[in-house]
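Participant: Numbering (my numbering), first residue to last: 28 to 215. Where is the CB? At the ideal position from N, CA and C, for every residue including glycine.
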Amino acid sequence: MNRRKRAAPRVAWLRRCLPALLACVSAWPLFPAVAVAQAATAPAYEPGTGDAWLDRQLADVNRYAERYPDAFIDELVRYGGARRGYVEALLQQHGWVPGDVWFACFWGQAIGASCREPVQARSRLPGEGWRTVVESLPVAPDNLHWRAVRHALVASYDHWDRPIRLDALLQRQLGDRARRDAAARGHD
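Below you can see the structure in the form of structure tokens.
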């Protein structure tokens, strides 16, 4: 008799919860479909530099920074002239994606400015691509600026020891990784 009294609340609980449990179990196969649908509706990252190679690499910078955030930030501090706190604030508090932060810092460096100038220009033109943003800056973009940014991106990949496929122009300018490493040793 004692066992029946103790079992009665468990049975009542099971009867109340069983429909919800069955609904969850039967819906389980739908969860991956929901995740895929959400991913499909998320807008793709489009930096809008006007350079397809650079845009692809900046999208890859996002993936790298997601996996290695400290190495990404160290790169911007060491080689991009950025302050650590500034980069962290852009990423964490202002919702910037890493590829945009990287571009802003290295574009600033290419034109002899800090990261802040490109960041402020991008903030004034939130829906525009980087090509439009850099054209709005006081220093008119020229081929040497774009070349400096492209070379800096290859150097960042080399610092991260991350493979990179160069387009034909960069291959002629920089050569393969062994040639770039030899050139870097020659500057030490």
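Taking the alpha-carbon positions, what's the R199 to P70 distance?
Facilitator: Walking along the sequence shown from the start, residue 199 turns up at place 172. Walking along the sequence shown from the start, residue 70 turns up at place 43. Between R199 and P70, the C-alpha separation is close to 34 Å.
Participant: Leaving out five residues before and five after W157 in sequence, what residues of the same chain have Cβ atoms less than 7 Å from its Cβ?
Facilitator: Working through the sequence shown from its first residue, we reach residue 157 at position 130. For W157, where only same-chain residues beyond five positions count, the Cβ hits under 7 Å are P74, G75, T76, F130.
Participant: Taking the alpha helix (DSSP H) that D127 belongs to, which residues open and close that run?
Facilitator: Counted from its first residue, the sequence shown places residue 127 at position 100. Element bounds for D127: 125 to 137.
Participant: Helix, strand or coil: which one does DSSP assign to S183?
Facilitator: Numbered from 1 along the sequence shown, position 156 holds the residue referred to as residue 183. Helix.
Participant: Whether or not the stretch 88 to 107 and the stretch 118 to 127 are in contact is what I'm after, with contact meaning three or more pairs of Cβ atoms, one per stretch, closer than 8 Å; do they touch?
Facilitator: At 8 Å Cβ cutoff, the stretches touch.
Participant: Since C132 and A98 are thought to touch, with beta carbons under 8 Å apart, how far apart are those beta carbons, to the nearest angstrom?
Facilitator: Numbered from 1 along the sequence shown, position 105 holds the residue referred to as residue 132. Numbered from 1 along the sequence shown, position 71 holds the residue referred to as residue 98. About 15 Å separates the two Cβ atoms, so there is no contact after all.
Participant: Can you find the residues in the same chain that come closer than 8 Å, C-beta to C-beta, to T159, ignoring five residues on each side of it along the sequence?
Facilitator: What you label residue 159 is simply residue 132 of the sequence shown in a count that begins at 1. The residues are G75, L152.
Participant: Short check: CB of V176 to CB of A137, under 8 Å?
Facilitator: One-based indexing of the sequence shown puts residue 176 at position 149. One-based indexing of the sequence shown puts residue 137 at position 110. Yes; because the gap between Cβ atoms is below 8 Å, this pair is in contact.
Participant: I'd like to check one pair, D185 with R204: are the Cβ atoms closer than 8 Å?
Facilitator: For the purposes of this step, residue 204 is taken as the residue at position 177 of the sequence shown. For the purposes of this step, residue 185 is taken as the residue at position 158 of the sequence shown. Their beta carbons are under 8 Å apart, which means R204 touches D185 by this criterion.
Participant: Could you give the C-beta distance for L117 and P145, rounded to a whole number, given that I count them as a contact under 8 Å?
Facilitator: The residue labelled residue 117 in the question sits at position 90 within the sequence shown. The residue labelled residue 145 in the question sits at position 118 within the sequence shown. Contact flag wrong, Cβ pair sits at about 11 Å.
Participant: Cutting at 7 Å between CB atoms, please list the residues of its own chain near Q65, excluding the five before and the five after it.
Facilitator: As a position in the sequence shown, residue 65 is number 38, starting the count at 1. Since pLDDT at Q65 reaches only 41, below the 50 mark, its modelled position is unreliable, and the value read off the structure follows with that caveat. Cβ within range, chain order: n/a, list empty.
Participant: What distance in whole Å lies between the Cβ atoms of D78 and W173, which are believed to be in contact at a cut-off of 8 Å?
Facilitator: Looking up residue 173 in the sequence shown gives position 146. Looking up residue 78 in the sequence shown gives position 51. The pair is a contact, with the Cβ atoms about 7 Å apart (cut-off 8 Å).
Participant: Which of helix, strand or coil does DSSP assign to L164?
Facilitator: As a working mapping, residue 164 is identified with position 137 in the sequence shown. Reduced to three states, the DSSP call for L164 is coil.
Participant: Below 8 Å between beta carbons: does that hold for W80 and D169?
Facilitator: Within the sequence shown, numbered from 1, the residue matching residue 80 stands at position 53. Within the sequence shown, numbered from 1, the residue matching residue 169 stands at position 142. Contact flag unset, no.
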